[in-house]
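Report on the structure given below.
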């Protein structure tokens, strides 16, 4: 009886071990700067899947009215073995009309395409998925909204590099901006 009791206790203790979850990494865009970090990292998949928490630092007032509508970049990747201003896809964001708007932000053959996806609340976990298919970039926000943007037909296979948080347009960050990002395995 005592062996069974101790065995049960051991199994409960081992079985109650919390599952490992990836942690959030804080990307900070410093006041007066555009980039959160300058690094080169290759994309190892056709899907970027991640969570983001925007806090109060995502609120800002642009110096000029038209720059309030600039799309700031979250995460994405280059495409077609080319520079990201030629072919790329990434999520964008902006603070307009007291809401945080999420955008699809792409370059296809050098043409910039920006499409609204939705809005998110501050200080909450939001899930983003960006998938590259043979013909499209598919954007999904919080497992609901899906936007597809046509991918270049002239793509050659090759290396794809990650694109990290960036503030701008024309203006630099008016204060430190903190984005909490957690990568999820796809």
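Numbering (full-length UniProt numbering), first residue to last: 1 to 186.
All residues carry an ideal CB built from backbone N, CA and C; glycine is no exception.
Note that this is a predicted model, so its numbers are computed, not measured.
Checklist entry - Is residue 167 closer than 8 Å to residue 187 when the C-beta atoms are compared? => result For residue 187 there is no data in the structure shown, the boundaries of the chain being 1 and 186.
Next on the checklist: Rounded to the nearest angstrom, what separates residue 47 and residue 155 at their Cα positions?
Outcome noted: Counted from its first residue, the chain shown places residue 47 at position 47. Counted from its first residue, the chain shown places residue 155 at position 155. Cα to Cα, residue 47 sits roughly 17 Å from residue 155.
Checklist entry - What residues are listed by DSSP as bridge partners for residue 79? => result Stepping through the chain shown from its first residue, residue 79 is reached at position 79. In the DSSP output, where bridge partners are listed per residue, residue 79 has none listed.
Checklist entry - What are the start and end residues of each continuous alpha helix (DSSP H) run of 4 or more residues lying completely inside the stretch 30-96, in chain order? => result none
Checklist entry - What first and last residue would you give for the beta strand (DSSP E) that runs through residue 143? => result In the chain shown, residue 143 corresponds to position 143, counting from 1. First-last for residue 143: undefined, no H or E at that position.
Checklist entry - Contact check, residue 122 vs residue 58 under 8 Å by CB: the rounded distance? => result Here the question's residue 122 lines up with position 122 in the chain shown. Here the question's residue 58 lines up with position 58 in the chain shown. Indeed, because the Cβ distance is near 6 Å, the residues count as touching under 8 Å.
Checklist entry - Would residue 99 pass as a contact of residue 149 if the rule is Cβ separation under 8 Å? => result Along the chain shown, one-based indexing puts residue 99 at 99. Along the chain shown, one-based indexing puts residue 149 at 149. It is not a contact, given that the beta carbons lie outside the stated cut-off.
Item to check | Inter-residue CB distance, residue 141 and residue 81 (contact presumed, cutoff 8 Å) | outcome: Mapped onto the chain shown, residue 141 falls at position 141. Mapped onto the chain shown, residue 81 falls at position 81. About 28 Å separates the two Cβ atoms, so there is no contact after all.
Item to check | CA-to-CA distance, residue 176 to residue 35, given in whole angstroms | outcome: Against the chain shown, residue 35 aligns to sequence position 35. Against the chain shown, residue 176 aligns to sequence position 176. Whole-angstrom Cα-Cα distance: 11 Å.
Checklist entry - Can you list, in chain order, the residues of its chain whose CB lies under 8 Å from that of residue 145, leaving out five sequence neighbours each side? => result Counted from its first residue, the chain shown places residue 145 at position 145. Hits under 8 Å: 117, 118 and 139.
Next on the checklist: Just to confirm before moving on: does the CB-CB distance between residue 54 and residue 120 stay below 8 Å?
Outcome noted: On the chain shown, residue 54 is found 54 positions in, with the first residue counted as 1. On the chain shown, residue 120 is found 120 positions in, with the first residue counted as 1. Yes.
Next on the checklist: Considering only their Cβ atoms, is the gap separating residue 51 from residue 182 smaller than 8 Å?
Outcome noted: Start at 1 with the first residue of the chain shown, and residue 182 comes out as number 182. Start at 1 with the first residue of the chain shown, and residue 51 comes out as number 51. For residue 182 and residue 51, yes; Cβs fall inside 8 Å.
Checklist entry - If you follow the beta strand (DSSP E) that residue 111 is part of, which residue opens it and which one closes it? => result Within the chain shown, numbered from 1, the residue matching residue 111 stands at position 111. Counting along the chain, the beta strand (DSSP E) containing residue 111 begins and ends at 111-120.
Item to check | Per-residue DSSP class, three states only, for residue 133 | outcome: Position 133 of the chain shown, counted from the start, is the residue given in the question as residue 133. DSSP places residue 133 in coil when its eight states are reduced to three.
Checklist entry - Hey, how far is the Cα of residue 128 from the Cα of residue 66? => result Here the question's residue 128 lines up with position 128 in the chain shown. Here the question's residue 66 lines up with position 66 in the chain shown. Going by the C-alpha atoms only, they are around 27 Å apart.
Checklist entry - Just to confirm, are residue 30 and residue 173 a CB contact at a threshold of 8 Å? => result Taking the chain shown and counting its residues from 1, the one referred to as residue 30 is at position 30. Taking the chain shown and counting its residues from 1, the one referred to as residue 173 is at position 173. Contact flag set, yes.
Item to check | 8 Å Cβ cutoff met for residue 72 and residue 90 | outcome: What you label residue 72 is simply residue 72 of the chain shown in a count that begins at 1. What you label residue 90 is simply residue 90 of the chain shown in a count that begins at 1. For residue 72 and residue 90, no; Cβs fall outside 8 Å.
Checklist entry - How would you write the range of the beta strand (DSSP E) that residue 151 sits in, first residue to last? => result For the purposes of this step, residue 151 is identified with residue 151 of the chain shown, where counting begins at 1. No beta strand (DSSP E) contains residue 151, which DSSP labels as neither H nor E.
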